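Asker: Below is one structure. I have some questions about it.
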Amino acid sequence: MSYEMNFGKAYNEQLPTLGETMSEVIRFFGGQHIYGVGGDFAANLIAALGRNEQDNGIQINPSSNEMHAGFSACAQAEIDGMGFCLTTYMVGSLPCTSAAALAVTEGLPVVFISGAPAESEVNQVAIHHTIHPNASWKAEYDNALEAFSALGMRVERLQGQRVEGHPNIAGQRFYQIVSEAYKNKQPVFIEVPRDQVFAKTQPIKLPSALDNICCGSNILAGTELIVDNILDKLSHAKAPMLYLGDRLKHNEKLKCLIISFANKFNIPYATTWFAKGLFDEYAPLCLGAYNGIFTQTTGREYIEKEVDYVIDIATSIFPQDSNIAFGTGTHKIERFDNKTLLKGGSLLEKDLIAIFESLLEQEISPFHFSGQPERSITANAQYIESNDLAKGEDDIDFNNLAQTLNDLQAQDANTYVYLPEVGNSYFASYSLKVRQSVLGRSWLTNPWYGAMGTALPYARVVAQRIKSQQIAERAVVIIGDGGFHFQLNEMIHFLKDKSDVTIVYMRNNVFHLGKSGDGAIYHCNDSEFDVHSLVKAYQGKSKTCTSVSEFKKYFKACGQQTGISLIEVPAKPIEARQSNELKLLNLYIKSKNGQADAVKAWQVLTQ
Numbered sequence: 001m002s003y004e005m006n007f008g009k010a011y012n013e014q015l016p017t018l019g020e021t022m023s024e025v026i027r028f029f030g031g032q033h034i035y036g037v038g039g040d041f042a043a044n045l046i047a048a049l050g051r052n053e054q055d056n057g058i059q060i061n062p063s064s065n066e067m068h069a070g071f072s073a074c075a076q077a078e079i080d081g082m083g084f085c086l087t088t089y090m091v092g093s094l095p096c097t098s099a100a101a102l103a104v105t106e107g108l109p110v111v112f113i114s115g116a117p118a119e120s121e122v123n124q125v126a127i128h129h130t131i132h133p134n135a136s137w138k139a140e141y142d143n144a145l146e147a148f149s150a151l152g153m154r155v156e157r158l159q160g161q162r163v164e165g166h167p168n169i170a171g172q173r174f175y176q177i178v179s180e181a182y183k184n185k186q187p188v189f190i191e192v193p194r195d196q197v198f199a200k201t202q203p204i205k206l207p208s209a210l211d212n213i214c215c216g217s218n219i220l221a222g223t224e225l226i227v228d229n230i231l232d233k234l235s236h237a238k239a240p241m242l243y244l245g246d247r248l249k250h251n252e253k254l255k256c257l258i259i260s261f262a263n264k265f266n267i268p269y270a271t272t273w274f275a276k277g278l279f280d281e282y283a284p285l286c287l288g289a290y291n292g293i294f295t296q297t298t299g300r301e302y303i304e305k306e307v308d309y310v311i312d313i314a315t316s317i318f319p320q321d322s323n324i325a326f327g328t329g330t331h332k333i334e335r336f337d338n339k340t341l342l343k344g345g346s347l348l349e350k351d352l353i354a355i356f357e358s359l360l361e362q363e364i365s366p367f368h369f370s371g372q373p374e375r376s377i378t379a380n381a382q383y384i385e386s387n388d389l390a391k392g393e394d395d396i397d398f399n400n401l402a403q404t405l406n407d408l409q410a411q412d413a414n415t416y417v418y419l420p421e422v423g424n425s426y427f428a429s430y431s432l433k434v435r436q437s438v439l440g441r442s443w444l445t446n447p448w449y450g451a452m453g454t455a456l457p458y459a460r461v462v463a464q465r466i467k468s469q470q471i472a473e474r475a476v477v478i479i480g481d482g483g484f485h486f487q488l489n490e491m492i493h494f495l496k497d498k499s500d501v502t503i504v505y506m507r508n509n510v511f512h513l514g515k516s517g518d519g520a521i522y523h524c525n526d527s528e529f530d531v532h533s534l535v536k537a538y539q540g541k542s543k544t545c546t547s548v549s550e551f552k553k554y555f556k557a558c559g560q561q562t563g564i565s566l567i568e569v570p571a572k573p574i575e576a577r578q579s580n581e582l583k584l585l586n587l588y589i590k591s592k593n594g595q596a597d598a599v600k601a602w603q604v605l606t607q
């Protein structure tokens, strides 16, 4: 009755509960799905957020474990722009720290929501779920908050009314924290005491649109001077290029402006490795993903021999070695002198939006870019064997997997959305040529590998979106033994969701990437493992393919099948069967370790 006494009965009756406000905020930020695992401290949250599932558009999707729930929320952030994960207190939230580390590293706005003990339960009694040494005088209730905070995240436990008649601002705080995740493209962690979920909180008035959550627009000055400088450099250039980074991946408006600019003035563009999959690599102006000597696309030759001016857009402020040729000194763009750096320092990249809106209004003569050369890169031929698929009966393995999939994609108008797992599959996937996806991403992984085990939880979200939007695309997972066994329990959700996926299972029975011995720890599979029986248990279909022609034939058939389709490829853990990128990386590592033959071979390649 305290609110009624203070502001009147009418005000009191229109007050929402915290759970209702949370639902409203999640919907405002585009959240139609929450991935999670149930638990006692989360029960009220589950009841409140899923109360009117059909009316409010929020579906609570169960995951096979909390870490996979976090990974799916990360994929949701990649595809939808925001991700939401729901777990119970401590035992549920702490397993999400691996996914949270991934989100911090990849710049993903994921909201990790955890149930928590009621405010009245927080005292000197250690209740279940708490991590509490039995020799301590103090009960610890903040371990999860401290764990997520240690990752560099914003964390908070929502608080209820402190004095009768005083305001309950928990709903407002929830909105403010979620908006921080959206604006800064970083994850946040929020604990919600279970006795506060149905408590009344002050109503909030949400902005009319997401774009209005920031104060003002572009808060950085000097746009006109930056544009004038770019125009001056363009006027002296013959072969300019746009180099696009991963900070674009959550900004559709800026992506559209950049492509409009490139198309209007016929300026080619390449992406960093981290930004692969953001743009259509079949577009005439796209030079593919560039990363120095590791680049296997034909665009590399044009970049390194023809380009005379680079506009570097939305790449990482901090250098990351796997994005700049692993520090090998072969990344020509990183060391290019005639370059304009547009890193973006304003919230939601509003400064970059202002620059490109202005550039599109300028009178610039289109450049004479006639397309990238048709011939393949030959710079690495002294060390890398060519992928000759002309016979059609070559053994299928990592060394020709990308080219085989590229042949299939070139013949298929429907987009493949690739989801490679960290390992050999990840490095082999950089030679994939990807089409534009309606989802905005056609190559989806965590390239800084802040966590492992994401391919199937990511694929689940992609397959869900493809199904719900009824688009003619296909989720394609590329995964090895280690990753497959680590996350195969997530396959139950493809069955439950009745969604479709093709899994390319590269089987060599060992952890091959980074292997430095023959110990049992590297043997992540057993020769007696029958993957086909496993897939059948999930009502899926599977086949072992050993040749390129056999692989192509069954891969096409998978595209017409529903549910889980798995292709087992017996991969050989030998250097000759590695992808070009991995051969180069291993050679570079050996040369840095002082192996004489590797040092000589590396010098020949990089002269």
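Residue numbers (UniProt numbering): 1 to 607. Virtual Cβ for every residue (Gly too), placed ideally from N, Cα, C. As the structure is a computational prediction, the values presented were derived from the model and not from experiment.
#1: Measuring from the CB of L15, is there a heavy atom of the ligand ZN at a distance below 8 Å?
#2: Straight-line CA distance for L206 to F555?
#3: On the criterion of 16 or more Cβ atoms from any shown chain inside 10 Å, does E334 qualify as buried, or is it exposed?
#4: Work out the CA separation of E281 and R375 for me, nearest whole Å.
#5: I need the straight-line Cα distance from A69 to N212, nearest angstrom please.
#6: Just checking, does the stretch 443–460 make contact with the stretch 489–509 on the three C-beta pairs under 8 Å criterion?
#7: Rounding to the nearest angstrom, what Cα-Cα distance links P117 and A147 in this structure?
#8: G92 lies in the alpha helix (DSSP H); which residues open and close that run?
#9: If you pair each beta-carbon of the stretch 181–199 with each one of the stretch 151–159, do three or more pairs fall below 8 Å?
#10: Which partner residues of P109 appear in the DSSP bridge assignment?
#11: Distance check for K350 and V227, CA to CA, integer angstroms please.
#12: Exposed or buried, which one is Q382 when buried takes at least 16 other CB atoms within 10 Å?
#13: In whole angstroms, what is the alpha-carbon distance linking S468 and H33?
#14: Under DSSP, the beta strand (DSSP E) around H485 begins and ends at which residues?
#15: I need the straight-line Cα distance from residue 609 to F369, nearest angstrom please.
#16: Quick one: residues in its chain with C-beta nearer than 6 Å to the C-beta of N387, no 5 flanking neighbours on either side, listed in chain order?
#17: Would V125 be called buried (16 or more neighbouring beta carbons within 10 Å of its own) or exposed?
#18: Can you name, in chain order, every residue of its own chain whose Cβ lies under 7 Å from the Cβ of L220, other than the five neighbours on each side?
#19: What do you get for Y243, buried or exposed, if any count of 16 or more other CB atoms within 10 angstroms of its CB means buried?
#20: Count the other C-beta atoms from every protein chain shown that fall within 10 angstroms of the C-beta of G371, then say buried if there are 16 or more, exposed otherwise.
#21: What does a CB cutoff of less than 6 Å around A379 pick up in its chain, not counting 5 residues either side in sequence?
#22: Going by DSSP, which residues form a beta bridge with F84?
#23: To the nearest angstrom, how far is it from the Cα of E550 to the Cα of N489?
#24: Just checking my contact of S343 with I317 at CB under 8 Å: how many whole Å lie between their CB atoms?
#25: Ignoring anything shorter than 4 residues or poking outside the stretch 496–581, list the alpha helix (DSSP H) runs there in chain order.
#26: Should V417 go down as buried or exposed, given a rule of 16 or more other Cβ atoms within 10 Å for buried?
#27: Just the C-alpha distance for K138 and N123, rounded to the nearest angstrom, thanks.
#28: If you reduce the DSSP assignment to three classes, tell me which class Q159 lands in.
#29: Since K343 is in the beta strand (DSSP E), which residue starts that stretch and which ends it?
#30: Mind checking which residues open and close the beta strand (DSSP E) that includes T415?
#31: Can you give, in chain order, each stretch of the beta strand (DSSP E) that sits fully within the stretch 20–60 and has at least 3 residues?
#32: Just tell me which of I230, A571, M82, Y182 has its CA closest to the CA of N508.
#33: Among T105, K536, L158, which one has its Cα closest to the Cα of P193?
#34: What residue does the alpha helix (DSSP H) around V604 start on, and which one ends it?
#35: Whole angstroms are fine: how far does the CA of M241 sit from the CA of F265?
#36: Whose C-beta lies closer than 6 Å to the C-beta of K391 among residues of the same chain, with five residues either side of it excluded?
Answerer: The answer reads as follows:
#1: The ligand ZN is absent from the structure shown, which contains no ligands of any kind.
#2: 47 Å
#3: buried
#4: With a pLDDT of 44 at R375, under the threshold of 50, the predicted position of this residue should be treated as unreliable, though the coordinate-derived value follows. Cα-Cα distance, rounded: 16 Å.
#5: 30 Å
#6: yes
#7: 17 Å
#8: G92 -> no alpha helix (DSSP H), and no H or E assigned at all.
#9: yes
#10: Answer by DSSP bridge pairing: none, since P109 is not bridged.
#11: 15 Å
#12: Model confidence at Q382 stands at a pLDDT of 37, short of 50, so the residue's coordinates are unreliable; what they give is reported in the following sentence. So Q382 counts as exposed.
#13: 12 Å
#14: Run containing H485: none in the beta strand (DSSP E); it sits in the alpha helix (DSSP H), 481–487.
#15: With the chain covering 1 to 607 only, the question about residue 609 has no answer from this structure.
#16: Residue placement at N387 cannot be trusted, given a pLDDT of 43 that sits under 50; the coordinates are not used to answer.
#17: exposed
#18: G345, S346, D351
#19: buried
#20: exposed
#21: Below a pLDDT of 50, predicted positions are generally treated as unreliable, and A379, at 40, falls in that range; no measurement from the model is reported.
#22: V111
#23: 28 Å
#24: According to the sequence shown, residue 343 is Lys rather than Ser. That pair is a contact at about 5 Å.
#25: 531–537, 548–558
#26: buried
#27: 9 Å
#28: coil
#29: No beta strand (DSSP E) holds K343; DSSP gives it neither H nor E.
#30: 415–420
#31: 33–36
#32: A571
#33: L158
#34: 596–606
#35: 11 Å
#36: Its pLDDT being 44, under 50, K391 is placed unreliably in this model, and the coordinates cannot settle the point.
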